[in-house]
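There are 2 protein chains.
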Amino acid sequence: MTKIDEIAKMCNVSKTTVSRVLNHHPYVSEEKRNQVLKVIKELDYTPSSLARQLRANKSQTMAISVPAIDHPFFSQLIKGVSSKALEKDYKVLIFQTFYNVATEMEMLDLLKNKEVDGIILGALENEWSSIKPFLKYGPILLCNEYHDSAAVPIIGYDEFDAAYKAVSHLIERGHKKIGFCCDTPSSQAQQLRKEGFIKALLENDLQCEEDWMFDHAFSIQDGFRVFTEMSSLADKPTAMFTGNDQVAAGIIKKAMVAGCRVPDDLAVIGYDNQFICQVTTPTITTIDTPIAELGQQAAAKLIKNLGKNAEMKREVVRLPTKLIVREST
Amino acid sequence: MTKIDEIAKMCNVSKTTVSRVLNHHPYVSEEKRNQVLKVIKELDYTPSSLARQLRANKSQTMAISVPAIDHPFFSQLIKGVSSKALEKDYKVLIFQTFYNVATEMEMLDLLKNKEVDGIILGALENEWSSIKPFLKYGPILLCNEYHDSAAVPIIGYDEFDAAYKAVSHLIERGHKKIGFCCDTPSSQAQQLRKEGFIKALLENDLQCEEDWMFDHAFSIQDGFRVFTEMSSLADKPTAMFTGNDQVAAGIIKKAMVAGCRVPDDLAVIGYDNQFICQVTTPTITTIDTPIAELGQQAAAKLIKNLGKNAEMKREVVRLPTKLIVREST
DNA sequence: TTACAGTCTGGTATCGGTAACATGTCAATA
DNA sequence: TATTGACATGTTACCGATACCAGACTGTAA
Chain L
1 MTKIDEIAKM
11 CNVSKTTVSR
21 VLNHHPYVSE
31 EKRNQVLKVI
41 KELDYTPSSL
51 ARQLRANKSQ
61 TMAISVPAID
71 HPFFSQLIKG
81 VSSKALEKDY
91 KVLIFQTFYN
101 VATEMEMLDL
111 LKNKEVDGII
121 LGALENEWSS
131 IKPFLKYGPI
141 LLCNEYHDSA
151 AVPIIGYDEF
161 DAAYKAVSHL
171 IERGHKKIGF
181 CCDTPSSQAQ
191 QLRKEGFIKA
201 LLENDLQCEE
211 DWMFDHAFSI
221 QDGFRVFTEM
231 SSLADKPTAM
241 FTGNDQVAAG
251 IIKKAMVAGC
261 RVPDDLAVIG
271 YDNQFICQVT
281 TPTITTIDTP
291 IAELGQQAAA
301 KLIKNLGKNA
311 EMKREVVRLP
321 TKLIVREST
Chain W
1001 MTKIDEIAKM
1011 CNVSKTTVSR
1021 VLNHHPYVSE
1031 EKRNQVLKVI
1041 KELDYTPSSL
1051 ARQLRANKSQ
1061 TMAISVPAID
1071 HPFFSQLIKG
1081 VSSKALEKDY
1091 KVLIFQTFYN
1101 VATEMEMLDL
1111 LKNKEVDGII
1121 LGALENEWSS
1131 IKPFLKYGPI
1141 LLCNEYHDSA
1151 AVPIIGYDEF
1161 DAAYKAVSHL
1171 IERGHKKIGF
1181 CCDTPSSQAQ
1191 QLRKEGFIKA
1201 LLENDLQCEE
1211 DWMFDHAFSI
1221 QDGFRVFTEM
1231 SSLADKPTAM
1241 FTGNDQVAAG
1251 IIKKAMVAGC
1261 RVPDDLAVIG
1271 YDNQFICQVT
1281 TPTITTIDTP
1291 IAELGQQAAA
1301 KLIKNLGKNA
1311 EMKREVVRLP
1321 TKLIVREST
């Protein structure tokens, strides 16, 4: 690698002068500036960003954590974050926690020693009390996750409202026995959904039946599993809030194969309005969520706060969602 | 941030001794070692990896480029790479090129100044001649891409064989008018598929019809588009090699809605054996590709070569694929 | 003529670690 | 007793950049 000293030597100037040229400082004569630029080009010199990072104590990099990248929701979220970051000239380090507490801590260490300037948590594996101490090292932001006492910006959907809308829709369609799927039950964001679900039920004098609640439902496979479990119940729900289009697709497919008609025998509602909703038979009624927008807003907010070294304050943004009615309800 | 000097001062030793403890060097007395470890724990000290990286001139980080992360194929590929990298204690910087030549060059610059130690190219936007000069800065590896003259390891599927198998299957089912979809037509990996496609046709005295070739087909939406374009043809194909499960799903859905029966009027074969194949109606015949395995092997090969500073040699690995017959053919 | 501000340039310390080399101790060996 | 080598520790340079301070030169106002 060519380094700044070599350029300096070739131009008979000090490396300070070369550095000034690189950083567009005034007070460099036109003549030397041109000469330095010429030599830089000739030698194809790129300054070491590692050295710069060390010196400046910042990295122009942010990290985002997700449980796993291969779920459409998270890959789209990341895409949103990345596109905004790219626009603002930040790099993005993507971290998959694989639902692992220790991996998440490793990522937080990146913040501690300034390998990244800030972090977006798209997953929350540890207790908040474990994460809190890292706030002094740089900004952290919750995206698509929720915590009631975290003193950081939180940006997500109005999960409560979304679930309420979805379940109300099922009730309007005449259903009285409604099931509920969620992914990680300990997640507070999932709790909010559950509260919305329950509110809609209670408003219509319906009960929340423990047997109709399913956990860790995230993928198409999980949808298969949920349908199988559900089928074995003596008293089966006639409608399902799945919390996830993949799960909805899985349930619907298994149902159709089993001769259970959707939506007549079983209505199913998804979440996120992924394209998969449009290719199943029947197509899937769902909640439209602006995922890319979510990612972009999160990244924008983080970047805005990277300059200041004031700690970020709690602030909850809930993006609106929309019910999209299709054939599965 | 606590730094190594502070630890040294607190322990009344030199920072070299602290460094020795950190790096598990021998020749540190048990007594001092324990004392240092104790103080490190007390002050919650983490060494700056930025400083380490600068000093060692390596970063324990690899980069992988993909066109966009939100396509299931690429997110699964990345997952494979990441899991292997995590296991070997490497970080992964994920780079989305967004099909952009300049963004790809930016990533290559990371290699030049050792922000990353090596690169896996899962996308290939620039001409190889633009990429080749970067080989002197560190190992580069092609994954799921192909280039006939690149002197680097290439790891992908046997695309030729896969397409050949798929199309032969369609022909066995009695089809004589077979269409072909690909994503970026300039990609040499796509070319290999096309050659396999053509070989199967020629062996059965069939022609490759220009009107039945579709470009830039990647997503469900693209599948919708392809079906629409196809429908407007006077002479329509009766079978489609889509090169991609999403495209297959899109085509199938539009076909069914339009009253075109699958597979009777139109047979469709996918590629990658994504879960989506199992939730459409009809389910999708496809080529099973071990995507995670591909990513893991790529990462493993790269890591193996990061230690040595010898340039990597050309070496082509083609993982086998398998035909999975379902209802769409 | 002197003083001072503005322009241009270089020397040196610094970011936070690690490596090479030097030094010193102590016990085993010749 | 002198020599050797294993062990233990510290001093100093270095990775590749930038920031601060100081010095030199120029032009204009006092």
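Residue numbers (the working numbering), protein chains in the order written: chain L, 1 to 329; chain W, 1001 to 1329. Glycine included, each C-beta is placed from N, C-alpha and C at the ideal position. Please read all numbers here as calculations on a predicted model, not as lab measurements.
Give every residue of the same chain whose Cβ lies closer than 7 angstroms to the Cβ of residue i, excluding the five residues on either side of it in the sequence, and list them in chain order.
i, result
"residue 1101 of chain W", "1125 and 1126"
"residue 262 of chain L", "252, 255, 256, 268, 282 and 328"
"residue 1306 of chain W", "1117, 1118 and 1139"
Starting from the Cα of residue i, find the closest Cα among the options and give me that residue.
i, options, result
"residue 11 of chain L", "L:177, L:32, L:323 and L:232", "L:32"
"residue 1235 of chain W", "W:1227, W:1253 and W:1212", "W:1212"
"residue 1108 of chain W", "W:1038, W:1134 and W:1083", "W:1134"
"residue 1058 of chain W", "W:1036, W:1047 and W:1138", "W:1138"
"residue 315 of chain L", "L:15, L:146 and L:113", "L:146"
"residue 1324 of chain W", "W:1218, W:1170 and W:1182", "W:1170"
"residue 1331 of chain W", "W:1312, W:1326, W:1328 and W:1329", "Nothing can be reported for residue 1331 of chain W, as the shown portion of chain W is limited to 1001 through 1329."
"residue 61 of chain L", "L:117, L:15 and L:53", "L:117"
"residue 37 of chain L", "L:23, L:49 and L:50", "L:23"
"residue 1204 of chain W", "W:1068, W:1175, W:1227 and W:1216", "W:1175"
"residue 1054 of chain W", "W:1178, W:1002, W:1115 and W:1040", "W:1115"
"residue 1247 of chain W", "W:1106, W:1216, W:1049 and W:1301", "W:1216"
"residue 322 of chain L", "L:260, L:206, L:178 and L:163", "L:163"
"residue 1077 of chain W", "W:1297, W:1301 and W:1304", "W:1297"
"residue 130 of chain L", "L:113, L:8, L:122 and L:106", "L:106"
"residue 179 of chain L", "L:87, L:230 and L:68", "L:230"
"residue 210 of chain L", "L:49, L:200 and L:181", "L:181"
"residue 1112 of chain W", "L:172, L:63 and L:49", "L:49"
DSSP has residue i in a bridge; who is on the other side?
i, result
"residue 162 of chain L", "DSSP output for residue 162 of chain L lists no bridge partner at all."
"residue 66 of chain L", "L:96"
"residue 248 of chain L", "None; residue 248 of chain L has no bridge partner."
"residue 240 of chain L", "L:179 and L:268"
"residue 1174 of chain W", "In DSSP, residue 1174 of chain W forms no bridge with anything."
"residue 1157 of chain W", "W:1319"
"residue 1086 of chain W", "Partner(s): none; residue 1086 of chain W has no beta bridge."
"residue 1276 of chain W", "Partner(s): none; residue 1276 of chain W has no beta bridge."
"residue 17 of chain L", "DSSP output for residue 17 of chain L lists no bridge partner at all."
On the three-state DSSP scale, how would you describe residue i?
i, result
"residue 228 of chain L", "helix"
"residue 345 of chain L", "Residue 345 of chain L is absent from the structure shown; chain L starts at 1 and stops at 329."
"residue 1101 of chain W", "helix"
"residue 213 of chain L", "strand"
"residue 143 of chain L", "strand"
"residue 1081 of chain W", "helix"
"residue 1298 of chain W", "helix"
"residue 268 of chain L", "strand"
"residue 1208 of chain W", "coil"
"residue 91 of chain L", "strand"
"residue 1233 of chain W", "coil"
"residue 1222 of chain W", "helix"
"residue 22 of chain L", "helix"
"residue 1131 of chain W", "helix"
"residue 303 of chain L", "helix"
"residue 1259 of chain W", "coil"
"residue 196 of chain L", "helix"
"residue 1288 of chain W", "strand"
"residue 121 of chain L", "strand"
Could you pull out every residue in the same chain whose Cβ sits closer than 8 angstroms to the Cβ of residue i, ignoring the five residues on either side in sequence?
i, result
"residue 249 of chain L", "220, 223, 270, 276, 277, 280 and 284"
"residue 272 of chain L", "72, 73, 244, 245, 286, 287, 288, 289 and 291"
"residue 63 of chain L", "92, 93, 94, 95, 107, 110, 111, 116, 118, 119 and 120"
Here's a check: name, in chain order, each residue in its chain whose Cβ is nearer than 6 angstroms to the Cβ of residue i, leaving out the five neighbours to either side.
i, result
"residue 1074 of chain W", "1066"
"residue 5 of chain L", "15"
"residue 128 of chain L", "147 and 150"
"residue 1136 of chain W", "none"
"residue 39 of chain L", "7, 10 and 11"
Any contact between the stretch 79-98 of chain L and the stretch 1092-1099 of chain W? By contact I mean 3 or more CB pairs, one from each, below 8 angstroms.
A contact is defined here as three or more CB-CB pairs under 8 angstroms, and the stretch 79-98 of chain L meets this definition with respect to the stretch 1092-1099 of chain W.
Stretch-stretch touch, CB-based, cutoff 8 angstroms, three pairs: the stretch 257-274 of chain L with the stretch 237-244 of chain L:
Yes: at least three Cβ pairs fall under 8 angstroms.
Would you say the stretch 27-45 of chain L touches the stretch 74-84 of chain L, given that touching needs at least three Cβ pairs under 8 angstroms?
No, because fewer than three Cβ pairs between the stretch 27-45 of chain L and the stretch 74-84 of chain L fall closer than 8 angstroms, the two stretches do not touch.
Indicate whether the contact test is met: 3 or more Cβ pairs, each with one atom in the stretch 39-46 of chain L and one in the stretch 1033-1049 of chain W, closer than 8 angstroms.
Short answer: they don't touch.
Touching by the beta-carbon criterion (3+ pairs, under 8 angstroms), the stretch 1140-1159 of chain W and the stretch 1313-1329 of chain W
Flag = yes, the stretch 1140-1159 of chain W and the stretch 1313-1329 of chain W touch.
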